[in-house]
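Engineer: If you're matching positions, the sequence shown starts at 1 in the UniProt record's numbering and goes up one per residue. Below you'll find the structure I mean.
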Amino acid sequence: MKTNFLTIALSLLSVVAIAQKKEIRDAGKAVEKGSFAQAKTLLQQAEPNLAEVNDSYKSDYYLFKGRAYFGTGEGVSLDDLLVAADAFKQAEEMGAKEDAKVGLSGVVNSLVQSAIDDQGTEKFEDAANKLFATYQINKADTLYLYYAASNAVNARKYDVALEYYNELKSLGYTGIETQYIAVNKETGEEEAMNKAQRDLMVKSGEYIKPEDRVTESKAGEIAKNIALIYIQQGEDEKAINAMNEAKAANPGDIALLQSEADMYYRMGNKDKYKEIMENIIDQDPTNPTLYYNLGVTSFEIGDSEKAIGYYKKALELKPEMSEARLNIAAAILSQEAAIVEEMNGLGMSKADTKKYDELAEKRKNIYKDALPYLEKVMESDPSNKEAIRTTMNIYYQIGSNDKADALQAKLTELEK
Numbered sequence: 001m002k003t004n005f006l007t008i009a010l011s012l013l014s015v016v017a018i019a020q021k022k023e024i025r026d027a028g029k030a031v032e033k034g035s036f037a038q039a040k041t042l043l044q045q046a047e048p049n050l051a052e053v054n055d056s057y058k059s060d061y062y063l064f065k066g067r068a069y070f071g072t073g074e075g076v077s078l079d080d081l082l083v084a085a086d087a088f089k090q091a092e093e094m095g096a097k098e099d100a101k102v103g104l105s106g107v108v109n110s111l112v113q114s115a116i117d118d119q120g121t122e123k124f125e126d127a128a129n130k131l132f133a134t135y136q137i138n139k140a141d142t143l144y145l146y147y148a149a150s151n152a153v154n155a156r157k158y159d160v161a162l163e164y165y166n167e168l169k170s171l172g173y174t175g176i177e178t179q180y181i182a183v184n185k186e187t188g189e190e191e192a193m194n195k196a197q198r199d200l201m202v203k204s205g206e207y208i209k210p211e212d213r214v215t216e217s218k219a220g221e222i223a224k225n226i227a228l229i230y231i232q233q234g235e236d237e238k239a240i241n242a243m244n245e246a247k248a249a250n251p252g253d254i255a256l257l258q259s260e261a262d263m264y265y266r267m268g269n270k271d272k273y274k275e276i277m278e279n280i281i282d283q284d285p286t287n288p289t290l291y292y293n294l295g296v297t298s299f300e301i302g303d304s305e306k307a308i309g310y311y312k313k314a315l316e317l318k319p320e321m322s323e324a325r326l327n328i329a330a331a332i333l334s335q336e337a338a339i340v341e342e343m344n345g346l347g348m349s350k351a352d353t354k355k356y357d358e359l360a361e362k363r364k365n366i367y368k369d370a371l372p373y374l375e376k377v378m379e380s381d382p383s384n385k386e387a388i389r390t391t392m393n394i395y396y397q398i399g400s401n402d403k404a405d406a407l408q409a410k411l412t413e414l415e416k
């Protein structure tokens, strides 16, 4: 009697296994036809008794599941992409390594492209979620975790960003990589590629000037962002501790010292900011960017004269730095507001009229002082709209209408 029961049980298992195999095969056919919804239904029917089929069919099941949930790769929800990724990973474990790798690569590409699209439409939280999911698929791809954190900051999801940044910190992530650069002879443009491809292109003669370029560490930026999030949360002490830990782990990192200076600036400690920045300049006195940054912050705290001095020093070291010239012009023109306010407060008396004329002349001289810097920017960067617009307005103010009209025409052309 027991033997009969066992025979019946074995027969039932055999029938179940046959049904499972048919559903899996039919799901594969549905995937091939692009009938992804039908494939999902068949796979759901096969799933409860999946243990009854051999590993080969299990491997097929997970591959078909990955493809069914991935679909065409376009317009796929994050949830479905994660299901697809998990299925491809299981197929890989079951032995379908090459097909699973192709499937996972498709999921990653779809996630990254979708995240890029989200960034373009300022859907930063969606972009952060997709990039973090990409990192989870392969935790060796720490770059995606870095970009996920950046998007979380842009989305003002500071708790999430802090979690991601702290994970990067615990991983010792620096973002340093070697870029293999060569110049395309036809276009004259630099292009980055992998080393083998770059060397092959140079050997072919299509590319020239090969260069191995090591990118800067992102440790300073990460430490700065952690500190800024803590400041945002009112946790100044945690911000300082985070920065000190980063400095201990990356001694001599100039970018990190600049981040520390920025941190104190955000805290309102301008004296500490200046102290750190001046120490940085002592270590790297020929770095134009340092003087430029000091110019920016000096201007922000209302010291226009000092800002102009720093910008001029930056230009001595790097004459082509157009942004320094633009900022000198901006610092000069910032003096106009106080003059206009004083002019508006004058009455109609003889003394007030005289004072008005003096202020009007002073205002005109401010315009004339700013003009050479703006004209130099337009000379080196003819399509710089900011320089063109500001210069045009100055020309109108000082009565150079022909020059102003010419710039107006140029600006209209550029904005078409």
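Each residue gets a CB set at the ideal place from its N, CA and C atoms; glycine is no exception. Remember, predicted model here, so these are calculated numbers, not experimental data.
#1: In chain order, which alpha helix (DSSP H) runs of at least 4 residues are fully inside the region 354-402?
#2: At 4 residues or longer, what runs of the alpha helix (DSSP H) sit wholly inside the region 76-111?
#3: With 8 Å set as the bound, which would you pick, yes or no: does the beta-carbon of arginine 266 sit closer than that to a beta-carbon of chain C?
#4: Looking at the secondary structure, which residues open and close the beta strand (DSSP E) in which aspartate 262 lies?
#5: Just to check my reading of the structure: glutamine 119 and asparagine 151 have Cβ atoms closer than 8 Å, yes? What is that Cβ distance to the nearest angstrom?
#6: Taking just the CA atoms, how far does lysine 29 sit from alanine 133?
#7: Could you tell me the boundaries of the beta strand (DSSP E) in which proline 210 lies?
#8: Quick check on the DSSP output: the beta strand (DSSP E) that includes methionine 343 runs from which residue to which?
#9: Identify the continuous beta strand (DSSP E) that holds threonine 178 and give its terminal residues.
#10: Please list the terminal residues of the continuous alpha helix (DSSP H) segment that includes alanine 331.
#11: Leaving out the 5 sequence neighbours to the left and right, which residues in its chain are closer than 6 Å to serine 304 when beta-carbon positions are compared?
#12: Give me, in chain order, the residues of the same chain whose beta-carbon lies closer than 6 Å to that of lysine 318; leave out the 5 immediate sequence neighbours on both sides.
#13: How is alanine 133 classed by DSSP in three states: helix, strand or coil?
#14: Run the CB neighbour count on leucine 12, radius 10 Å, all protein chains shown included, and call it buried at 16 or more, exposed below.
#15: Among Thr187, Ala337 and Arg389, which residue has its Cα nearest to the Cα of lysine 364?
#16: List the residues that DSSP assigns as beta-bridge partners of glutamate 190.
#17: If I follow the unbroken alpha helix (DSSP H) through lysine 306, where does it start and stop?
#18: Of all the options Lys247, Gly106 and Glu206, which has the alpha carbon lying nearest to the alpha carbon of isoleucine 222?
Structural biologist: Let me spell this out:
#1: 385-398
#2: 78-93
#3: Annotation note: the requested chain C is absent from the structure, which comprises a single protein chain.
#4: Numbered from 1 along the sequence shown, position 262 holds the residue referred to as residue 262. Note, aspartate 262: premise wrong, no beta strand (DSSP E); alpha helix (DSSP H) at 254-266.
#5: Here residue 119 corresponds to residue number 119 of the sequence shown, with the count starting at 1. Here residue 151 corresponds to residue number 151 of the sequence shown, with the count starting at 1. With a Cβ gap of about 7 Å, glutamine 119 and asparagine 151 count as contacting.
#6: Numbered from 1 along the sequence shown, position 133 holds the residue referred to as residue 133. Numbered from 1 along the sequence shown, position 29 holds the residue referred to as residue 29. Whole-angstrom Cα-Cα distance: 29 Å.
#7: To locate residue 210, count along the sequence shown from 1; it is residue 210. Note, proline 210: beta strand (DSSP E), 207-214.
#8: On the sequence shown, residue 343 is found 343 positions in, with the first residue counted as 1. Looking at the DSSP string, methionine 343 is not in any beta strand (DSSP E); the run it does join, the alpha helix (DSSP H), is 336-344.
#9: As a working note, residue 178 is residue 178 in the sequence shown. 178-184 is the extent of the beta strand (DSSP E) around threonine 178.
#10: Start at 1 with the first residue of the sequence shown, and residue 331 comes out as number 331. According to the DSSP assignment, alanine 331 belongs to the alpha helix (DSSP H) that extends over 322-333.
#11: Translated into positions along the sequence shown, residue 304 becomes position 304. Contacts found: Ala331 and Ser334.
#12: Start at 1 with the first residue of the sequence shown, and residue 318 comes out as number 318. For lysine 318, same chain residues with a beta-carbon under 6 Å away, outside a window of 5 residues either side, are Pro288 in chain order.
#13: For the purposes of this step, residue 133 is taken as residue 133 along the sequence shown, with counting starting at 1. Here DSSP, grouped into helix, strand and coil, assigns alanine 133 to helix.
#14: Here residue 12 refers to the residue found at position 12 of the sequence shown. Only weak support exists for where leucine 12 lies, its pLDDT of 40 falling under 50; the value from the coordinates is given anyway. Leucine 12 should be labelled exposed.
#15: Numbered from 1 along the sequence shown, position 364 holds the residue referred to as residue 364. Nearest C-alpha to lysine 364: Ala337.
#16: As a position in the sequence shown, residue 190 is number 190, starting the count at 1. Bridge partners of glutamate 190: Val183.
#17: Locating residue 306 in the sequence shown gives position 306, where the first residue counts as 1. 304-317 is the span of the alpha helix (DSSP H), which, as asked, contains lysine 306.
#18: As a position in the sequence shown, residue 222 is number 222, starting the count at 1. Closest by alpha carbon: Lys247.
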